[in-house]
Every structure is written in structure tokens, then in C-alpha cells.
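Report on one structure; see the data block that follows.
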Amino acid sequence: MLMSKKENKTVDALEITNATVGRRGFIKGAGAVAGTVAVGSVAGATTAKAAKTQLNITTWMGVEPGRKEAWESVLGKFNAQSTTSEVKLTGWPFAQYVNQVLTGLEAGTLTDDLIMSTPDLAVRLFKSGYFLPLTDAVKAAGVTPNPKIHAYVTKDGACYGVSIVTVNFGLLYNSELFSKAKIKPPTTPEELLAAAKKLTKKPNQYGFWHPNTMAEQGDFWFNMQNWVNMYDGVWAVGKTPKANSPQVVKAMQLWLDLYNAAIPKGINNAAAVQLAANGRIAQGFWVSAAVNVLKSTNEAVYAKLRSVALPHASHKAASRVHPISLNKLGKNKAAATEFLTWLFKPENMADLTMQCLDFIPPFPEMANVPAFKAYLKTLPWIDGFLTPPSVPITP
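Position 126 of the sequence shown, counting from 1, maps to 264 under our numbering, and the rest follow consecutively.
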């Protein structure tokens, strides 16, 4: 996930300034923050605020460029029309998020009514019993969560989390840099390495990006999860590790060759986003959500972004599904269900998806929203993220 430096105004006890945030492939924390921080404004607040039930959504998205503004806009619409509830975002930057959520839930102190989860975190919380079924909200909204992407948070026919954003990996590249170098987007691992080398002119330009510092382990690992797809490998079969299989070894060797030849070493995600936004990183295996961060960082680079499927025979790539769920420890389950019912309405979910520059519907009913159909035709960078057969979560 990409990251950029951005001031984020808050309305609670702590103010995050010069927040450094990025999005999966490049999402990173906006500096160390002790304790829970309110990261979104209480959109649509009124003088009757005290009479409304206050709902909190624990998330990392309230400090993410582009996505923060999208959520504030959508919550503002809900808060303005609701006479009973008011919703705000709370949480931590991505780099701190998983540990803070796990610690808070285990201690019984994280009582926010709704929780957003990364795929890996969702598995842990679902299996540990922290999620409640969303049957009432799903039924009232009249939607059918896509069983393919929600299988890992479904039990006995009940869905315990609905994707708030699903992202695919693709090869995102700067078309201007490719054009100047007179090369085409790669279609094989060999072409990928050759293109990366040709596009590298250290220290001014780099031919590839992948997180590579252990100071940002979360970003490094979820990007590396996808890497084994390059030779159709898997990290494990059941509980049997396959890290030493020929396919995984070849994939890791390709990564190492790119690291040595074309990847800027040791920089954090904030620095990487600035390089990419300034036209100094040519390409990378990025999740689709990175586009929003790049656009928010530098509008000019957005027009140059294009994508192709991962350059290998099957084009297989990982998908990451990020659900929103009812927290078992929450105090306002009825009000939270009312909000989810509103959010899951196809037109409202389409609004959020479009404002976030996302494109994968969590349920088929959203795909039929006319505005969403028109929106998909306006995304010149989308092709490579649509092509691959996706592998939910981890290959």
C-alpha cells in the first residue's frame, strides 16, 4: 500500500499532523500514536448530537489519503439523514493496526461497534468468535454477498463480514516512463527483469518497487504473499509448508534479482510513494487501492498510470478482501446494524466504492447501479487488475 504525507484533522483528544499513510503495497503509519486515536471527523454533526447513539468504526482507513475523504463523505450522508445514530472512524495507522486491535480485544477494551479487518486479521478474529453474524443487515439491504470472496468469514450460511474493499494485485506502471524508454509492458518474468533494469537510473529513477524494510513488516509480508504466483507456487498445502518448492524458489530468486538491480533499498513506504508520485518509480506489483493514494499525492501522475496482469503464464494474482464486521464487544448492536443496512444498500456501497477508486462489488446487486456501470468506463488503469484469475487472500 502506498503512503504519502498529509495533514489529518481530528476532533478528539489527539491530533495527527503530517500523517504519513499508505495503501497496501505501500500503506504505513502516520507516526507512532499511543492509544486509540480518532482519525475521522464526526461528519454531519448537529446540535442534537447528544441525543444520537454514537457509533465507532475501528479502522486504519481514517488516515489514508483519498480513502479518508471518501469515508468522511459517505458517513456525512448517513449522519445527516439519521435521527438516531452518528458514526465516526477511530483506530490506528496500518503499521500499528493489527497489534492494537488484537491487544484491545483480548483486554476487553476495544468496544467499538464495528471493526474493519485485513484478510489475515479477519481470519483470526472470526475463528476467535469476535464477529457476529450480519444476517439482519444483509437481509434488510436486499443484497447477496459474493460467496467466493466471503467464504472465509461465512459459517452455517451466515456471513460475519462484508467486504468494504477487495483489491487485486496487478502490474501498475507509469506509461510515460515506458514510452520514453521505448519498451512495452512485460508479459514474462524475463521481460519484467529486463524492463526493470532498463528503466533504472539510480538514484534518480528506479525500475521496480516492492517494500523491503523490516521496519514495515506488514507491508513487506502481504506483498510477498502474492509473489509466489509468478510461477504458480503456493506457500503451503494445508499445514505443509512449500517454501522450498521449485516454484517458490524461482519466485524468490526473481524477487532478489529485481531487488539487486532495480528496487530502491531501505526506504519506507512514504518515501516510495513520493518517488512514484514524482515519476521516479516505473512499475511494481501493487494492489489496485494504491492508485487512490498516488492520485491523492500527485494528481498529475494519475493520468499516466496503466496496468497489465502479472507477467507470467497463468496471470494468477492474489486478492485481498477487507470485511467490516459487528464487534461482539460492542454496546450498540441494533444501531450498528441500522448503519450497516444503510451502507449495504447498493447505491450507497457504490458511492463509497467510487469515491475510494475501487471497483470490485461485494455483492452483485451493486454491479447493477447505473452510476457504477458508467464509472467503470472512466478508469484507464483498471485493465490489469481485471484480467487475472484471483486467489483470495494468500496463495
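Cβ atoms here follow ideal geometry from the backbone N, Cα and C, with glycine treated the same way. Predicted model only: the values in this text are computed from it and were never measured.
Please report how far the alpha carbon of residue i lies from the alpha carbon of residue j, in whole angstroms.
{"i": "G200", "j": "H460", "result": "15 Å"}
{"i": "T228", "j": "G214", "result": "15 Å"}
{"i": "E437", "j": "K340", "result": "25 Å"}
{"i": "L396", "j": "P257", "result": "27 Å"}
{"i": "D267", "j": "K466", "result": "Strictly speaking, residue 267 in this sequence is Gly, with Asp absent from that position. Distance between the alpha carbons of G267 and K466 is about 8 Å."}
{"i": "K144", "j": "P231", "result": "With a pLDDT of 38 at K144, under the threshold of 50, the modelled position of this residue cannot be trusted; read the value that follows with caution. So the alpha carbons of these two residues sit roughly 13 Å apart."}
{"i": "P402", "j": "T247", "result": "40 Å"}
{"i": "V507", "j": "P499", "result": "10 Å"}
{"i": "S211", "j": "G417", "result": "30 Å"}
{"i": "W373", "j": "S452", "result": "17 Å"}
{"i": "V276", "j": "L490", "result": "17 Å"}
{"i": "V177", "j": "K322", "result": "Note that V177 has pLDDT 49, beneath the 50 cutoff, so the model's placement of it is unreliable and no number is given."}
{"i": "V375", "j": "T338", "result": "37 Å"}
{"i": "A279", "j": "N406", "result": "41 Å"}
{"i": "A474", "j": "W393", "result": "44 Å"}
{"i": "T221", "j": "G371", "result": "52 Å"}
{"i": "Q238", "j": "T326", "result": "40 Å"}
{"i": "G616", "j": "Q234", "result": "Residue 616 lies beyond the residue range present for the chain, which begins at 139 and ends at 533; the question has no answer from this structure."}
{"i": "E329", "j": "P484", "result": "41 Å"}
{"i": "C297", "j": "N284", "result": "10 Å"}
{"i": "Q412", "j": "K206", "result": "19 Å"}
{"i": "N306", "j": "A455", "result": "7 Å"}
{"i": "N194", "j": "Q391", "result": "44 Å"}
{"i": "Q219", "j": "T191", "result": "14 Å"}
{"i": "L481", "j": "M487", "result": "6 Å"}
{"i": "A189", "j": "L270", "result": "26 Å"}
{"i": "I462", "j": "T282", "result": "15 Å"}
Report yes or no: is there a C-beta of chain D within less than 7 Å of the C-beta of residue i?
{"i": "G371", "result": "The displayed structure is made up of one protein chain only, and chain D is not part of it."}
According to DSSP, residue i sits in a beta bridge with which residue or residues?
{"i": "G422", "result": "L310 and W347"}
{"i": "A374", "result": "P379"}
{"i": "Q192", "result": "E224"}
{"i": "R444", "result": "Y311"}
{"i": "S301", "result": "P461"}
{"i": "F216", "result": "In the DSSP output, where bridge partners are listed per residue, F216 has none listed."}
{"i": "F269", "result": "N465"}
Since residue i is in the alpha helix (DSSP H), which residue starts that stretch and which ends it?
{"i": "M254", "result": "Careful: M254 lies outside any alpha helix (DSSP H), inside the beta strand (DSSP E) at L252 to M254."}
{"i": "G356", "result": "Q355 to W365"}
{"i": "T475", "result": "K471 to F482"}
{"i": "I287", "result": "P285 to H288"}
{"i": "N398", "result": "P384 to A399"}
{"i": "T516", "result": "Element bounds for T516: n/a, residue is neither H nor E."}
{"i": "V411", "result": "N407 to A415"}
{"i": "T273", "result": "T273 to A279"}
{"i": "G522", "result": "D521 to L524"}
The beta strand (DSSP E) that contains residue i, what's its start and end?
{"i": "P500", "result": "It is not in any beta strand (DSSP E) - P500 carries neither H nor E in the DSSP assignment."}
{"i": "E202", "result": "Counting along the chain, E202 falls outside any beta strand (DSSP E), and DSSP gives it neither H nor E."}
{"i": "N83", "result": "Residue 83 lies beyond the stretch modelled for the chain, which goes from 139 to 533, so this question has no answer here."}
Which of the three DSSP states, helix, strand or coil, is assigned to residue i?
{"i": "T241", "result": "helix"}
{"i": "T435", "result": "helix"}
{"i": "T247", "result": "coil"}
{"i": "A296", "result": "strand"}
{"i": "K320", "result": "coil"}
{"i": "K339", "result": "strand"}
{"i": "F264", "result": "helix"}
{"i": "G229", "result": "strand"}
{"i": "L495", "result": "coil"}
{"i": "V236", "result": "helix"}
{"i": "V429", "result": "helix"}
{"i": "A333", "result": "helix"}
{"i": "P508", "result": "helix"}
{"i": "K327", "result": "Inspection of the sequence shows that residue 327 is occupied by Pro rather than by Lys. Looking at P327 - three-state DSSP - the assignment turns out to be helix."}
{"i": "S452", "result": "coil"}
{"i": "P257", "result": "helix"}
I want to know whether the segment 400-420 touches the segment 342-350 - three or more CB-CB distances under 8 Å. Taking a cut-off of 8 Å for Cβ pairs, the segment 400-420 and the segment 342-350 touch, as three or more such pairs fall below it.
Check whether the segment 374-391 and the segment 313-321 touch, using three or more Cβ-Cβ pairs below 8 Å as the test. At 8 Å Cβ cutoff, the stretches do not touch.
Within the chosen definition, does the segment 278-293 reach the segment 436-456 through at least 3 CB pairs nearer than 8 Å? No contact exists between the segment 278-293 and the segment 436-456.
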